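Contents: one structure, followed by commentary.
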Amino acid sequence: MKSTLRILAVTLLGLAGWQAVVTWGELPRFILPGPRLVFTTLWTSRALIAEHAVVTAIEVLLGLGLGAAAGFASAIALAASPLARSLLRPMLVFSQAIPVFALAPILTLWLGYGLWSKVAMALLIIYFPVTSAFFDALMRTPRGWLELAHVMNAMPGRILWRIRVPAAMPGFASGLRLAAVYAPIGAIIGEWVGASQGLGYLMLLANGRAKIDLMFAALIVLAVLTLVLHAAVDTACRRLWDG
Amino acid sequence: MSVAPALNMAGRATIDGTAIFGPLSFVAPAGEWTCLLGPSGVGKSTVLRLLAGLGDEVLFLGEASAGDGASLCGRVALMAQSDLLMPWLDLTANVTLGTRLRGQKTQQDRARQVLERVGLADHAGKRPNALSGGQRQRVALARTLMEDRPVVLLDEPFSSLDARSRALMQDLSAEVLAGRTVLHVTHDTAEAARLGHHVLLMTRRGITSVPPPDSPIPRRYDAPETLEFQGRLLRMLMEAE
Chain A
1 MKSTLRILAV
11 TLLGLAGWQA
21 VVTWGELPRF
31 ILPGPRLVFT
41 TLWTSRALIA
51 EHAVVTAIEV
61 LLGLGLGAAA
71 GFASAIALAA
81 SPLARSLLRP
91 MLVFSQAIPV
101 FALAPILTLW
111 LGYGLWSKVA
121 MALLIIYFPV
131 TSAFFDALMR
141 TPRGWLELAH
151 VMNAMPGRIL
161 WRIRVPAAMP
171 GFASGLRLAA
181 VYAPIGAIIG
191 EWVGASQGLG
201 YLMLLANGRA
211 KIDLMFAALI
221 VLAVLTLVLH
231 AAVDTACRRL
241 WDG
Chain B
244 MSVAPALNMA
254 GRATIDGTAI
264 FGPLSFVAPA
274 GEWTCLLGPS
284 GVGKSTVLRL
294 LAGLGDEVLF
304 LGEASAGDGA
314 SLCGRVALMA
324 QSDLLMPWLD
334 LTANVTLGTR
344 LRGQKTQQDR
354 ARQVLERVGL
364 ADHAGKRPNA
374 LSGGQRQRVA
384 LARTLMEDRP
394 VVLLDEPFSS
404 LDARSRALMQ
414 DLSAEVLAGR
424 TVLHVTHDTA
434 EAARLGHHVL
444 LMTRRGITSV
454 PPPDSPIPRR
464 YDAPETLEFQ
474 GRLLRMLMEA
484 E
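Right, here's the structure in full:
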């Protein structure tokens, strides 16, 4: 309750500061619109913004789901097999040397202007953090548990699935929390490079037509979308793995 | 449970060229409780790890074997200082962990029996986090019983418990592990005086067997002969350094 009040107070203060800059700085509305104008636009253009927000949300959710699944599977393959580790690990690190942003035009070329090039961007941007967080956790199973399993004459596959994987789930969860924040970035970059729908597309369009109020309104919706997604992932992870 | 074998150990161990324990040899007689008592850092736990088939990092020259000549693999259960319970499993699942790790059918009835034996049947559906330290160590004991192995290796399993829980745990363990070959590593002279049919004092100079009182185990913690023996053990420990 106290923290909610504090967040509310900080938000109001920020909005007041923003309005003050606009009012006293006499900035034209196509450079920086005031909060009142932005919220008015948000309300009057709600149908338009919602239509595009749904598209972005679908891209983000698909990218998050597929990226998390790919990261989960890769981390397990890496943890289970020393051969996979020696072959894939350098590739994984090398892939991180390529900025994902630079791949966006190629993905658009390969996958078209539709949904899938954005899903692929979101997937690529979250793949490494998820894989890396989960893999690190898989390699850090407390030694006592592994020794107990050894004395119990456990089968190696069972040690992986019944001890190492469950013990590493908090690591997977921290990867997912990061992914929830990164996935929207991927989708928006994808939309900037080439799209006919989505919040990123709407922002570019509004910018081009000097409708900066609409651009800010779309930006606010995007931020709220990201916050909600992060909170949902966080809650789900805590329910499932942190007790 | 098959017939409990004696444990034979003779040799010396090094890790990366550093001596962990010098040439030593001892026998833990079949079906009886042997305490390996000594200060920290003399390699007691390494002895236990070698008998458990662990300690890949240790270079061991000598033999660690069963008195009947057969392999110890699959005949040993281990109870460590930390309870090693899996926080994501309830007590029944923790107790039956071994069967599931081996891909065998889990015996729910037996799990219930062993939990009853350690007095935790009412908590069977709970997670370890909901229990006290003493209760958690009782679950670890139940898991050890569930494995039903003739040799049980104890690595200071009661050292993190408060005095009362520790005494209760000692009584319970002596009762439920009777008939098995137990090798119990401890640095607590009172514990060794209560539980050992045989007490081996391990110092940097090697291992000496100290004959305990004749009374059956668990010996009463306030019996004069227990206290006298405990004092003698401590004196030997003090004089050994």
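Protein sequence lines correspond, in order, to chains A and B. In this text, residue positions in the first sequence follow my numbering: the first is 1, and each later residue adds one. In this text, residue positions in the second sequence follow my numbering: the first is 244, and each later residue adds one. Every residue gets a Cβ at the ideal spot worked out from N, C-alpha and C, and that includes glycine. None of the values given here were measured: they were computed from a predicted structure.
Buried versus exposed, by CB contacts within 10 Å (16 or more), residue 243 (chain A):
Start at 1 with the first residue of the first sequence, and residue 243 (chain A) comes out as number 243. Residue confidence for residue 243 (chain A) is low, a pLDDT of 46 falling below 50, so the modelled location carries little weight; the figure read from the coordinates is stated next. Exposed: under 16 other Cβ atoms inside 10 Å.
Measuring only the C-alpha atoms, how far is residue 315 (chain B) from residue 246 (chain B)?
Along the second sequence, read from residue 1 onward, the residue named residue 315 (chain B) stands at position 72. Along the second sequence, read from residue 1 onward, the residue named residue 246 (chain B) stands at position 3. Spanning the two alpha carbons is a distance of roughly 12 angstroms.
Any beta-carbon of chain B closer than 8 angstroms to the one on residue 152 (chain A)?
On the first sequence, position 152 is the one that residue 152 (chain A) refers to. Yes, contact with chain B.
For residue 373 (chain B), does the count of other Cβ atoms within 10 angstroms reach 16, so buried, or fall short, so exposed?
What you label residue 373 (chain B) is simply residue 130 of the second sequence in a count that begins at 1. Under this definition residue 373 (chain B) is an exposed residue.
Alpha carbon to alpha carbon, what distance is there between residue 16 (chain A) and residue 30 (chain A)?
Working through the first sequence from its first residue, we reach residue 30 (chain A) at position 30. Working through the first sequence from its first residue, we reach residue 16 (chain A) at position 16. Roughly 19 angstroms between the two C-alpha positions.
May I ask you to list, following chain order, the residues of the region 104 to 122 of chain A that have a beta carbon less than 7 angstroms from some beta carbon of chain B?
none
Would residue 345 (chain B) count as contacting chain C if we go by Cβ distances under 8 angstroms?
In the structure shown, chain C cannot be found, because the protein chains are A and B.
Cβ-based neighbour list, residue 390 (chain B), same chain, cut-off 6 angstroms, excluding 5 preceding and 5 following
Position 147 of the second sequence, counted from the first residue, corresponds to residue 390 (chain B). For residue 390 (chain B), where only same-chain residues beyond five positions count, the Cβ hits under 6 angstroms are 320 and 341.
Here's the rule: buried if 16 or more other CB atoms are within 10 angstroms of the residue's CB, otherwise exposed. What is residue 351 (chain B)?
Mapped onto the second sequence, residue 351 (chain B) falls at position 108. Per the 10 Å Cβ criterion, exposed.
Can you find a C-beta in chain A that's less than 8 angstroms from the C-beta of residue 368 (chain B)?
The residue given as residue 368 (chain B) occupies position 125 in the second sequence. It does not: the Cβ of residue 368 (chain B) has no partner Cβ on chain A nearer than 8 angstroms.
Rounded straight-line distance, which links the Cα of residue 238 (chain A) to that of residue 221 (chain A)
One-based indexing of the first sequence puts residue 221 (chain A) at position 221. One-based indexing of the first sequence puts residue 238 (chain A) at position 238. Going from the Cα of residue 221 (chain A) to the Cα of residue 238 (chain A) covers about 26 angstroms.
Can you check which of these residues, B:460, B:366 and B:450, is closest to residue 280 (chain B) by C-alpha distance?
In the second sequence, counting from the first residue as 1, residue 280 (chain B) sits at position 37. Minimum Cα distance to residue 280 (chain B) is reached at B:450.
Since residue 435 (chain B) meets chain A, which of its residues come closer than 8 angstroms, beta carbon to beta carbon?
Indexing the second sequence from 1 puts residue 435 (chain B) at position 192. Neighbours of residue 435 (chain B) on chain A: none; closest Cβ ~23 angstroms, over 8 angstroms.
Starting from residue 174 (chain A), trace the alpha helix (DSSP H) both ways and give me its first and last residue.
Within the first sequence, residue 174 (chain A) is the residue found at index 174, counting from 1. That run of the alpha helix (DSSP H) goes 165 to 193.
How long is the line joining the alpha carbons of residue 166 (chain A) and residue 366 (chain B), rounded to whole angstroms?
As a first step, residue 166 (chain A) must be located in the first sequence, where it is residue number 166. As a first step, residue 366 (chain B) must be located in the second sequence, where it is residue number 123. When rounded, the distance between both Cα atoms is 22 angstroms.
Can you say whether residue 45 (chain A) is buried or exposed, counting buried as having 16 or more other CB atoms within 10 angstroms of its CB?
For the purposes of this step, residue 45 (chain A) is taken as the residue at position 45 of the first sequence. Label assigned to residue 45 (chain A): buried.
Distance check for residue 240 (chain A) and residue 154 (chain A), CA to CA, integer angstroms please.
To locate residue 154 (chain A), count along the first sequence from 1; it is residue 154. To locate residue 240 (chain A), count along the first sequence from 1; it is residue 240. If I take the Cα positions, the gap works out to 26 angstroms.
With three or more C-beta pairs closer than 8 angstroms as the rule, is the region 59 to 74 of chain A touching the region 121 to 128 of chain A?
yes
Does the beta carbon of residue 239 (chain A) come closer than 8 angstroms to any beta carbon on chain B?
Along the first sequence, read from residue 1 onward, the residue named residue 239 (chain A) stands at position 239. Chain B contact via Cβ: absent.
So, is residue 378 (chain B) buried or exposed, given that buried needs 16 or more other C-beta atoms within 10 angstroms?
Reading the second sequence from its first residue, position 135 is the one you call residue 378 (chain B). Per the 10 Å Cβ criterion, buried.
Establish whether the CB of residue 138 (chain A) and some CB of chain B are separated by less than 8 angstroms.
Counting from 1 along the first sequence, the entry for residue 138 (chain A) is found at position 138. No, no contact with chain B.
Closer than 8 angstroms to chain A by CB, residue 320 (chain B):
As a working note, residue 320 (chain B) is residue 77 in the second sequence. At least one chain A Cβ lies under 8 angstroms of residue 320 (chain B).
For residue 278 (chain B), the residue or residues it bridges with in DSSP:
Sequence index remark: in the second sequence, residue 278 (chain B) carries index 35 (1-based). Paired residue(s): B:427 and B:442.
For residue 382 (chain B), does the count of other Cβ atoms within 10 angstroms reach 16, so buried, or fall short, so exposed?
Indexing the second sequence from 1 puts residue 382 (chain B) at position 139. Under this definition residue 382 (chain B) is a buried residue.
Would a check of beta-carbon distances place residue 76 (chain A) closer than 8 angstroms to chain B?
Within the first sequence, residue 76 (chain A) is the residue found at index 76, counting from 1. Residue 76 (chain A) does not count as touching chain B.
Tell me whether residue 136 (chain A) sits in a helix, a strand or coil according to DSSP, three-state version.
Along the first sequence, read from residue 1 onward, the residue named residue 136 (chain A) stands at position 136. Three-state result, residue 136 (chain A): helix.
What's the C-alpha gap between residue 257 (chain B) and residue 132 (chain A)?
The residue given as residue 257 (chain B) occupies position 14 in the second sequence. The residue given as residue 132 (chain A) occupies position 132 in the first sequence. So the alpha carbons of these two residues sit roughly 36 angstroms apart.
Quick test of your reading: residue 180 (chain A) and residue 230 (chain A), contact by CB under 8 angstroms. State the CB separation rounded to the nearest angstrom.
Here residue 180 (chain A) corresponds to residue number 180 of the first sequence, with the count starting at 1. Here residue 230 (chain A) corresponds to residue number 230 of the first sequence, with the count starting at 1. Yes, residue 180 (chain A) and residue 230 (chain A) are in contact; Cβ-Cβ is about 4 angstroms, under 8 angstroms.
Nearest-angstrom Cα separation, counted from residue 387 (chain B) out to residue 282 (chain B):
Start at 1 with the first residue of the second sequence, and residue 282 (chain B) comes out as number 39. Start at 1 with the first residue of the second sequence, and residue 387 (chain B) comes out as number 144. Taking the straight line from one Cα to the other gives about 26 angstroms.
Interface flag, residue 325 (chain B) vs chain A, CB-CB below 8 angstroms:
Here the question's residue 325 (chain B) lines up with position 82 in the second sequence. By this cut-off, residue 325 (chain B) is an interface position.
In the structure shown, what three-state DSSP assignment does residue 323 (chain B) receive?
By 1-based counting over the second sequence, the position of residue 323 (chain B) is 80. If DSSP states are grouped into helix, strand and coil, residue 323 (chain B) belongs with coil.
Consider the Cβ of residue 162 (chain A): report whether some Cβ of chain B lies at a distance smaller than 8 angstroms.
Counting from 1 along the first sequence, the entry for residue 162 (chain A) is found at position 162. It does; some Cβ of chain B falls within 8 angstroms.
May I have the straight-line CA-CA distance separating residue 78 (chain A) from residue 159 (chain A), to the nearest angstrom?
On the first sequence, position 78 is the one that residue 78 (chain A) refers to. On the first sequence, position 159 is the one that residue 159 (chain A) refers to. Going by the C-alpha atoms only, they are around 15 angstroms apart.
Buried or exposed, going by whether 16 or more other CB atoms sit within 10 Å of the CB of residue 235 (chain A)?
Along the first sequence, read from residue 1 onward, the residue named residue 235 (chain A) stands at position 235. Counting Cβ neighbours within 10 Å, residue 235 (chain A) comes out exposed, since fewer than 16 surround it.
For residue 407 (chain B), the first and last residue of its enclosing alpha helix (DSSP H)
Reading the second sequence from its first residue, position 164 is the one you call residue 407 (chain B). Start and end: 406 to 419.
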